[in-house]
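First up is the structure itself, then whatever we jot down about it.
Residue numbers (our numbering), protein chains in the order written: chain A, 8 to 357; chain B, 1305 to 1592; chain C, 471 to 747.
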């Protein structure tokens, strides 16, 4: 009997020691833990920040707002900064997952473009500081799609898309896809009228046989490589595709489209709140904002950064849109939620 | 003791008489094997080929280049992910090999055979439960536990390597147990009985007789656990935290922003490594 | 001694496998919230009676079954072929079968996309053979066929492994005896070999069927996210939009129920196989 106890004790000891060694983080320097979209910031920015502030920066990535939220909800993940989109800031606030920001630590907010000051999803910037933004639109291959698309209906009408069967992609995002269909049907993108949604669903089901795929992650690669010729996508990614393939163009649909802003926010449980605020301020320096834009090609919220951004980017999909483009914010809709889910499930389930 | 049996089996196989359909069956079998291996290795060939492509896109050939291998060595994220994967796999394998073998031995030696078969099913549960269900279950479990600990002790642990190891060990234990169990049930019980007749106690029997005989099973179970842990994505995804990014998760997030051929280069290297390891083990076995 | 041996693994599994499953059960009885509202309800199970969800479930079962059958049809002869070889070749062939498990399955799925996409490897070969014009495509990617193929690819090694183990331990003298009694080789296969390797076949079947049922990566990448399988539905409920942990938990438990039925069938048939042997 005692021998088995000895064995059991040894096993337990090994397990515990291994576990402790692997779990404990022996960090002595200040460490800033950032949870951000993949390839959404120039790593050089981290090096510059590390040098100037004598800290270490650790970056972890996620692929969607919802991935990130799930991790925060589970708790136990200790990040100092996350990058939620506009509607996600609202959701995270509702779930009490964010810390209020001390704006006195972020004087560079003065450089924000007018559109981003006091945003509707976070009045007064109490919980978030804007970072990058873009709009949804249609990317297409100039040399293959003629005449070029100009409106949402050009993406849904069979007569317009039958030539490009199996070479069209839509975003794999419930809100974006349904909003586009609603607008194409002539309604508000946030309508909760069942009749409007039924029309949107009809449009989507009619479009589906012509699609190659629903893809929010690599649609720009497919567009650039010629696998697709028409893509429902975001301005920043289409700008990247254009950099790879000059035949790629971007159009803001005439009926209007949707704007998104990604923001820095500090999750509850952050250990380095002041360092996080310092980072937010650092990123808003015009030269730093411009560095990020020149690297990642998304549009910055920093107006003063324009002076340092490469001209081809300023003339490209990230920035060059018609002055009078109609732009909507897409909110998260808890009331009409079930209706939208139904439409999405029907679309994917049939 | 195993070797003569093998030779005997081989000899016996060759004594199976050929029938009239055999000129038909043998080539079919060979053709099937050829098709199967071509199928299995087509994407691997593509993988290896594109690791040498100069184009950023893993779907367009851009001319021969070793740049991705060079970039790989300068990519700290991938190396961190690889390191995490290896650490987690090693820890998982250690825990699972010990606990899995214990479980197999315990079940085999349990006097009540009906109870044993019930526990058998329970033991294989982690293999049978889909990984997404296990992942969710563990996530929910950790959330609740963390909440509880925070409430009681005012200390909140974090999702990280430890939680991933715990999660991996769950299915790894089950796999190791199954493999060792198979090995145990093929073992001749009379050896143990003889040893006990000669006065050895249970522990000595285990140490001197059972363990050496099931050792190949333990090793192959451990190898299986290691391999599965390295490639495990879903469970890791739900239970990992900062600094615990593993290779599959790194690849997943890279797919979200465009896979570069660096991952192809890494995969090629990993394949070469495992080929090298197996060759090494074969050579070592021959020496013995 | 047996009890002492069983205690540590039982503790580990009890705490980290069974208890969490119990939690899933509890969550499936709650109302959705942020993320969960702690009110008990059976509503989630009622919503499972939805014809759309049933269609998706049915499609997933169908895919998993076909995948299993295909893996068996190609995997059993492959295992047999390997076992027939002489020793050094046999070990290498077996190793070649399991080597793909060492390459990251996500990367391999991506490689399949490269092979199947428009202007990809398959298209180029078809053009060379004259079956396709230069601007035409077979369009094999983003179809249910591609998903099926992807699933077979992922799980074929898992079918081969147990069957090979069974074949390796098989006593070939029984086949010889059957032939002495006048059976043809084919008859010997069906009357002797297959029934006695049945446990291997069933184990392989389970190892393929179960993960194939809940796989969400292959439908998303090779299927273009056009046809949701039950794995996608569950994954979306937890990690994507719309968030609905209780429904996701209920779905997960339903899958487990289906699998339990499959296992019950396994034990039933496994015992019959043993009775013959």
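Where a beta carbon is used, it is the ideal one built from N, C-alpha and C, also for glycine.
Being a predicted model, the structure only gives us computed values, none of them experimental.
Residue 355 of chain A is classed as buried because its beta carbon has at least 16 other beta carbons within 10 Å across all chains shown.
Taken through DSSP and simplified to helix, strand or coil, residue 259 of chain A comes out as coil. Contact between the stretch 1515-1528 of chain B and the stretch 1451-1460 of chain B is absent: fewer than 3 CB-CB pairs across the two stretches fall below 8 angstroms.
With the criterion set as a beta carbon lying under 7 angstroms from some beta carbon of chain C, the stretch 1373-1402 of chain B has no members that meet it. Proximity of residue 668 of chain C to chain B, defined by a Cβ-Cβ separation below 8 angstroms, is not satisfied.
A contact is defined here as three or more CB-CB pairs under 8 angstroms, and the stretch 195-206 of chain A fails this definition with respect to the stretch 152-169 of chain A. Annotated as proximal: residue 626 of chain C and residue 544 of chain C, with beta-carbon spacing under 8 angstroms. Residue 482 of chain C and residue 1400 of chain B have their C-alpha atoms spaced approximately 10 angstroms apart. In the structure shown, residue 65 of chain A falls within a strand segment according to DSSP collapsed to helix, strand and coil. Ranked by Cα distance from residue 624 of chain C, the options B:1352, B:1536, B:1466, B:1554 are led by B:1536.
Sorting B:1371, B:1415, B:1499 by C-alpha distance to the C-alpha of residue 1358 of chain B places B:1371 at the top.
Counting only Cβ-Cβ distances below 8 angstroms, residue 710 of chain C has contacts in chain A at 71, 73, 74, in chain order. Counting every other CB atom within 10 Å of its CB across the protein chains shown gives residue 54 of chain A a total below 16, marking it as exposed. With a contact defined as Cβ atoms closer than 8 angstroms, residue 332 of chain A and residue 259 of chain A qualify at about 5 angstroms.
At a beta-carbon threshold of 8 angstroms, none of the residues of chain C lie near residue 146 of chain A; the nearest stands roughly 17 angstroms away.
Only those residues of the stretch 588-614 of chain C whose C-beta falls short of 8 angstroms from the nearest C-beta of chain A are listed: 588, 589, 607, 609, 611, 612. Annotation for residue 316 of chain A: no beta strand (DSSP E) segment contains it, and DSSP assigns it neither H nor E. Fewer than three Cβ pairs drawn from the stretch 639-648 of chain C and the stretch 559-571 of chain C lie within less than 8 angstroms of each other, which leaves the two stretches out of contact. Residue 476 of chain C and residue 607 of chain C have their C-alpha atoms roughly 58 angstroms apart.
Within chain C, the residues 681, 684 have their CB atoms less than 8 angstroms from the CB of residue 1435 of chain B, given in chain order.
For the C-beta of residue 68 of chain A, the chain B residues within less than 7 angstroms are, from N- to C-terminus, 1557. By the rule that beta-carbons nearer than 8 angstroms mark a contact, residue 732 of chain C does not touch chain A. Look at residue 1366 of chain B: its C-beta is not under 8 angstroms from any C-beta on chain A. Contiguous beta strand (DSSP E) elements confined to the stretch 191-263 of chain A occur at 237-241, 255-258, taking only those with 3 or more residues. One Cα belongs to residue 552 of chain C, the other to residue 634 of chain C, and the distance between them is close to 8 angstroms. Between the alpha carbons of residue 1471 of chain B and residue 691 of chain C lies a distance of about 26 angstroms. Apart from sequence neighbours up to five positions away, no residue of its chain approaches residue 102 of chain A with a beta-carbon distance below 6 angstroms.
Residue C:703 holds the alpha-carbon nearest to the alpha-carbon of residue 522 of chain C among C:557, C:703, C:485. Within the stretch 562-573 of chain C, 562, 563, 565, 566, 567, 568, 569, 570, 571, 572, 573 place their CB atoms closer than 9 angstroms to a CB of chain B, listed in sequence order.
Listed along chain B are 1490, each with a C-beta nearer than 8 angstroms to that of residue 639 of chain C. Close partners of residue 582 of chain C in chain B (Cβ separation under 9 angstroms): 1346, 1347, 1350. Residue pairing of residue 143 of chain A in beta bridges, as defined by DSSP: A:241.
Pairing residue 49 of chain A with residue 303 of chain A gives a Cβ-Cβ distance under 8 angstroms. Along the stretch 511-552 of chain C, the alpha helix (DSSP H) occurs as fully enclosed runs of 4 or more residues at 513-517, listed in sequence order. Fewer than three beta-carbon pairs drawn from the stretch 1394-1408 of chain B and the stretch 1565-1585 of chain B are found closer than 8 angstroms, and the two stretches are therefore not classed as touching.
Three or more Cβ pairs closer than 8 angstroms define a contact, and the stretch 135-153 of chain A meets that threshold against the stretch 248-257 of chain A.
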